[in-house]
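Colleague: Residue numbers (this note's numbering): 11 to 966. Let me begin by handing over the structure; questions about it come next.
Structure representation (structure tokens):
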């Protein structure tokens, strides 16, 4: 039996011995048949005219594919990186994934379990266990798999109960980092017409990362899951099953990795004009553009909202982070150990009824409830500069000092959420829960004639984020924000124009105490979201001849999305009352027709595919399939996250994505079944590609166009009964088309006649003419303006005064590619870069894998066999952002896994010694660039370090 499977000639399957006594060498070298349900009906993977890879549980073990992130090593043109928020991640197929940040946004790769689409899922946290197979379909799969499958689909098929047969399996692993894993399964027959199956998985290990402040190892794992499935077949025509899945994690998993920065220092002079200290603080952006290998410093806190407001409150006089950064990417400085909690309950049920011998009616239903919350140190670096201590100033000498000392005695800020501290502290919370219900009905034919069909309808109801849950949404807490709020309230609301509520009562969330979720002393963004999606679909299969088939598929999708408008809350005066978390009406907004503060958007689209597959009889192959298809992929648009009350920094909605896909491929079996050789070529016209950029502490998603093309080869060869070789190659070329956009790391676009400055009110950044800035500095130097007057540039205080100062206009390119003229003292967002020809993020030009396995038969007296296996993977350079700058480049990387296994099939025993990433490569898979108000630092995401251990398995 072929151990594992990779569809298309995929990754290493195992040698397959024919189940015949006395079979000759040629028979023993025949690769097994892998059955998949890619087209919602069981068929050989080599007969499916789709680029698909499939792995059964044995193959997953052999290839050391423990979970979703590992799949990249065995599938061409696939990449994976963790996301910055909650349980987010970006699994990309052929460059298509999820490069947006929005509660209402959809992934570009659909994740399914037992054919059920899971809008929210735990693919990157949970490990595979007791699965029948994992299928990965490449290319748009909208007809049968529905919404948000523009890049492809991952479908995890769990093992179902087996009738009339007792089965059991236990799999134990121990490895470095004190890793302990346990997986097991028990299959119990219940007479001839029913069976029950229960399976479970447990993972516990120490952390990969050292928190040098607490002295603890963090980023550990403590998670488990179990599944119970009952299957029945009451009649020959009726059968079904019901399944319950549970997952829970409670550990110190890092949501984001180490923070990297190339510190942007204060300017001390400009155009030979000295800059005084009051104006210097507006010259740092926090971090500046540099490669990730060079960005090994701490952010200049004066360029951040928390640090800058700390200066405004008198707590700080400059940068709070002045010592060198620890260079080790697996060492961080956090005031506390991170907290990560996730859980999921998934109910799935399926019934099949044979209406006739040729018509099958299938109903598939599900209910999924899942949540995750993560609490982390926002910067993961410890400040070395303490808050100012003004206690030496005698009382009565300075009213400001008296108030400061009363509020912050000894320079200590008492923050109700973060505790008492005399140094800068910033934490963040990312979390939320969701519920989803699906119902799907399908009718399939299996006629003997030349025509068959597959018709169906599906509904998806999804709801996310409960405002009453204090951990829902995204929260940034800083003791400098609280200090400024305390200062404002002590002066009767003199800073913000009214009393701002300070949260003092609520539950504890990890190290965060008294957190009710309604304070104005911290930033909170909430996006309560609801989706109702309905689709009807169908495919017809026409046998034009005995070896030529025409497939035509259509799908109509109706997506209805709603999102409550709850403005982001920070320093909002409410007279001391709790912040209002109810939706706020949006006057004059077309998406809030009812005036109830709820955005409503609808997307109705018809998509489909058409193509031919041909199975010619060639003399030089055993079997050949040649296919060509055109497919139309669709992913819904959505609603951008909320903005501050009254703000309109970007459009509130973004458009759908569409892909016109043209694909040709061939699947071949040769050498009497000992060799599989498959190849695929594709071209995509990508319209409305959704990407994100943080604007004023909120995610702005917008659409651009791109072209993609690529080529994939997958092969597996069984040259001898004991020897198997597999290889995959993916080539990918992506090009953004006709797009201009402002790079927040280089708003001036490298122009010397422009300068970027910090906005003292919002801590976002602006651009003015260099001559205009120099003119204002000269006026300050001459005494005509007071020190600190440059703070007025970003808020437009000098706009329109160009004539009085003798400053000429400047030209710039806006985000639509239009050249505009503006006054030299008037602030603007920046000079947009031409992105035409740039690569899509997370789309390496080359991926390659090579595996080999050799089996030594009849050792230890003939009862045991031994297998040695090695797998090598290479991924080429890629970029983390569409601007493709030096700082965006993600270096190429490789991975080597090795394993030695001793097994006795008769006794059901297996013992393995394994190593993953044996060369201990430290790989940055992705980078999240924060916004202006956070100082433009980067959070990075790493692969796992070298892992090794032993595994024991017993099957009954």
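From the three backbone atoms N, C-alpha and C, an ideal C-beta is built for every residue, glycine too.
Can you tell me whether residue 887 is buried or exposed, with buried defined as 16 or more other CB within 10 angstroms of its CB?
Modeller: Sequence index remark: in the chain shown, residue 887 carries index 877 (1-based). That one is exposed.
Colleague: My output table needs one value for residue 822: the three-state DSSP class, helix, strand or coil.
Modeller: Here residue 822 corresponds to residue number 812 of the chain shown, with the count starting at 1. Looking at residue 822 - three-state DSSP - the assignment turns out to be strand.
Colleague: In three-state terms, what does DSSP make of residue 411?
Modeller: In the chain shown, counting from the first residue as 1, residue 411 sits at position 401. If DSSP states are grouped into helix, strand and coil, residue 411 belongs with the helices.
Colleague: Could you check which residue in 63, 322, 354 has the C-alpha nearest to that of residue 383?
Modeller: Position 373 of the chain shown, counting from 1, holds the residue named residue 383. The option with the nearest alpha carbon to residue 383 is 354.
Colleague: Rounded to the nearest angstrom, what separates residue 172 and residue 245 at their Cα positions?
Modeller: Taking the first residue of the chain shown as position 1, residue 172 is located at position 162. Taking the first residue of the chain shown as position 1, residue 245 is located at position 235. Their Cα atoms are separated by approximately 16 Å.
Colleague: Just to confirm the assignment, what range does the beta strand (DSSP E) spanning residue 737 have?
Modeller: Indexing the chain shown from 1 puts residue 737 at position 727. It spans 733-747 - the beta strand (DSSP E) in which residue 737 sits, taken as one unbroken run.
Colleague: Could you have a look at residue 2 and say whether DSSP puts it in helix, strand or coil?
Modeller: Residue 2 falls outside the range modelled here, since the chain spans only 11 to 966, and no answer is possible.
Colleague: Grab me the residues of residue 108's own chain with a C-beta within less than 6 Å of its C-beta, minus the 5 sequence neighbours each way, in chain order.
Modeller: In the chain shown, counting from the first residue as 1, residue 108 sits at position 98. Result list for residue 108: 100, 117, 118, in chain order.
Colleague: Use the C-beta contact count for residue 714: other C-beta atoms within 10 angstroms, 16 or more gives buried, fewer gives exposed.
Modeller: Numbered from 1 along the chain shown, position 704 holds the residue referred to as residue 714. It is buried - the Cβ of residue 714 has at least 16 other Cβ atoms within 10 Å.
Colleague: Which one of 921, 930, 946 has the shortest CA to CA distance from residue 183?
Modeller: Along the chain shown, one-based indexing puts residue 183 at 173. The shortest Cα separation from residue 183 among 921, 930, 946 belongs to 921.
Colleague: Quick check on DSSP: helix, strand or coil for residue 670?
Modeller: Position 660 of the chain shown holds residue 670. Note: residue 670 maps to strand in three-state DSSP.
Colleague: Enumerate, from N- to C-terminal direction, the unbroken beta strand (DSSP E) stretches of 3 or more residues contained entirely within the stretch 248-293.
Modeller: If we require 3 residues or more, the beta strand (DSSP E) runs fully inside the stretch 248-293 come out as 248-261.
Colleague: Along the beta strand (DSSP E) that carries residue 997, what are the first and last residues, could you check?
Modeller: Shown here, the chain extends from 11 to 966; a query on residue 997 therefore has no answer.
Colleague: How far does the alpha helix (DSSP H) with residue 790 in it extend, from its first residue to its last?
Modeller: Position 780 of the chain shown, counted from the start, is the residue given in the question as residue 790. 780-791 is the extent of the alpha helix (DSSP H) around residue 790.
Colleague: Where residue 682 and residue 557 are concerned, what is the direct C-alpha to C-alpha distance, given to the nearest angstrom?
Modeller: Start at 1 with the first residue of the chain shown, and residue 682 comes out as number 672. Start at 1 with the first residue of the chain shown, and residue 557 comes out as number 547. Rounded to the nearest angstrom, the two C-alpha atoms are 21 Å apart.
Colleague: Looking at C-beta atoms only, is the number of pairs between the stretch 420-434 and the stretch 458-470 that lie closer than 8 Å three or more?
Modeller: These segments do not touch.
Colleague: Could you check the C-alpha separation between residue 768 and residue 418 for me, to the nearest Å?
Modeller: Taking the chain shown and counting its residues from 1, the one referred to as residue 768 is at position 758. Taking the chain shown and counting its residues from 1, the one referred to as residue 418 is at position 408. So the alpha carbons of these two residues sit roughly 27 Å apart.
Colleague: When the Cα of residue 402 is compared with those of 411, 395, 394, which residue comes out closest?
Modeller: In the chain shown, the residue the question calls residue 402 occupies position 392. Among 411, 395, 394, the Cα nearest to that of residue 402 belongs to 411.
Colleague: For residue 897, name the three-state secondary structure that DSSP assigns.
Modeller: Stepping through the chain shown from its first residue, residue 897 is reached at position 887. DSSP places residue 897 in helix when its eight states are reduced to three.
Colleague: Can you give me the C-alpha to C-alpha distance between residue 265 and residue 93, rounded to a whole angstrom?
Modeller: Locating residue 265 in the chain shown gives position 255, where the first residue counts as 1. Locating residue 93 in the chain shown gives position 83, where the first residue counts as 1. The alpha-carbon atoms of residue 265 and residue 93 are separated by roughly 8 Å.
Colleague: Got a sec? Which residues, its chain only, sit under 7 Å from residue 274 by beta carbon, not counting five neighbours each side?
Modeller: Taking the chain shown and counting its residues from 1, the one referred to as residue 274 is at position 264. These residues qualify, in order along the chain: 294, 295, 296, 297, 298, 310, 313.
Colleague: Hey, residue 436 and residue 388: beta-carbon distance below 8 Å or not?
Modeller: In the chain shown, residue 436 corresponds to position 426, counting from 1. In the chain shown, residue 388 corresponds to position 378, counting from 1. Their beta carbons are under 8 Å apart, which means residue 436 touches residue 388 by this criterion.
Colleague: Look at the alpha carbon of residue 121 and the alpha carbon of residue 145, and state the distance between them as a whole number of angstroms.
Modeller: By 1-based counting over the chain shown, the position of residue 121 is 111. By 1-based counting over the chain shown, the position of residue 145 is 135. The straight-line gap from Cα to Cα measures roughly 10 Å.
Colleague: Verify whether the separation of the beta carbon atoms of residue 566 and residue 545 is less than 8 Å.
Modeller: Within the chain shown, numbered from 1, the residue matching residue 566 stands at position 556. Within the chain shown, numbered from 1, the residue matching residue 545 stands at position 535. Against a cut-off of 8 Å, the Cβ pair of residue 545 and residue 566 comes out as a contact.
Colleague: I'd like to confirm something about residue 649: is its beta-carbon nearer than 7 Å to some heavy atom of the ligand MG, or not?
Modeller: Ligands are entirely absent from the displayed structure, and the ligand MG is therefore not among its contents.
Colleague: Would you report the Cα separation of residue 31 and residue 915, rounded to the nearest angstrom?
Modeller: Counted from its first residue, the chain shown places residue 31 at position 21. Counted from its first residue, the chain shown places residue 915 at position 905. Low local confidence applies: a pLDDT of 32 at residue 31 is under 50, so the model's placement there is unreliable, with the coordinate-based value given in what follows. One C-alpha to the other measures close to 16 Å.
Colleague: Alpha carbons only, please: which of 586, 584, 594 is nearest the one belonging to residue 577?
Modeller: Looking up residue 577 in the chain shown gives position 567. For residue 577, the nearest C-alpha among the options comes from 594.
Colleague: Just to confirm, are residue 661 and residue 646 a CB contact at a threshold of 8 Å?
Modeller: Looking up residue 661 in the chain shown gives position 651. Looking up residue 646 in the chain shown gives position 636. Their beta carbons are not under 8 Å apart, which means residue 661 does not touch residue 646 by this criterion.
Colleague: Give me the Cα-Cα distance between residue 950 and residue 95, rounded to the nearest whole angstrom.
Modeller: Within the chain shown, the letter at position 940 stands for residue 950. Within the chain shown, the letter at position 85 stands for residue 95. C-alpha separation (whole angstroms): 12 Å.
Colleague: Please report the residue range of the alpha helix (DSSP H) in which residue 498 lies.
Modeller: On the chain shown, residue 498 is found 488 positions in, with the first residue counted as 1. From DSSP, the alpha helix (DSSP H) with residue 498 extends over 489-500.
Colleague: Between which residues of its own chain and residue 335 is the CB-CB distance below 6 Å, once the five residues before and five after are set aside?
Modeller: Indexing the chain shown from 1 puts residue 335 at position 325. Once the five neighbours on either side are set aside, the close Cβ partners of residue 335 are 306, 307, 308.
Colleague: Measure from the alpha carbon of residue 272 to the alpha carbon of each residue in 965, 364, 948, then state which is nearest.
Modeller: Against the chain shown, residue 272 aligns to sequence position 262. For the residues 965, 364, 948, the minimum Cα distance to residue 272 belongs to 948.
Colleague: Expressed to the nearest angstrom, what Euclidean distance is found between the alpha-carbon atoms of residue 276 and residue 823?
Modeller: Position 266 of the chain shown, counting from 1, holds the residue named residue 276. Position 813 of the chain shown, counting from 1, holds the residue named residue 823. Each residue's Cα considered, the two are about 27 Å apart.
Colleague: What does DSSP give as the partner residue(s) for residue 127 in the beta ladder?
Modeller: One-based indexing of the chain shown puts residue 127 at position 117. Per DSSP, 122.
Colleague: For residue 562, which residues in the same chain have their Cβ closer than 6 Å to its Cβ, ignoring the five residues on either side in sequence?
Modeller: For this step, residue 562 is matched to residue 552 along the chain shown. Answer for residue 562: 550, 620, listed in chain order.
Colleague: Going straight from the alpha carbon of residue 204 to that of residue 63, what length do you get?
Modeller: Working through the chain shown from its first residue, we reach residue 204 at position 194. Working through the chain shown from its first residue, we reach residue 63 at position 53. The straight-line gap from Cα to Cα measures roughly 31 Å.
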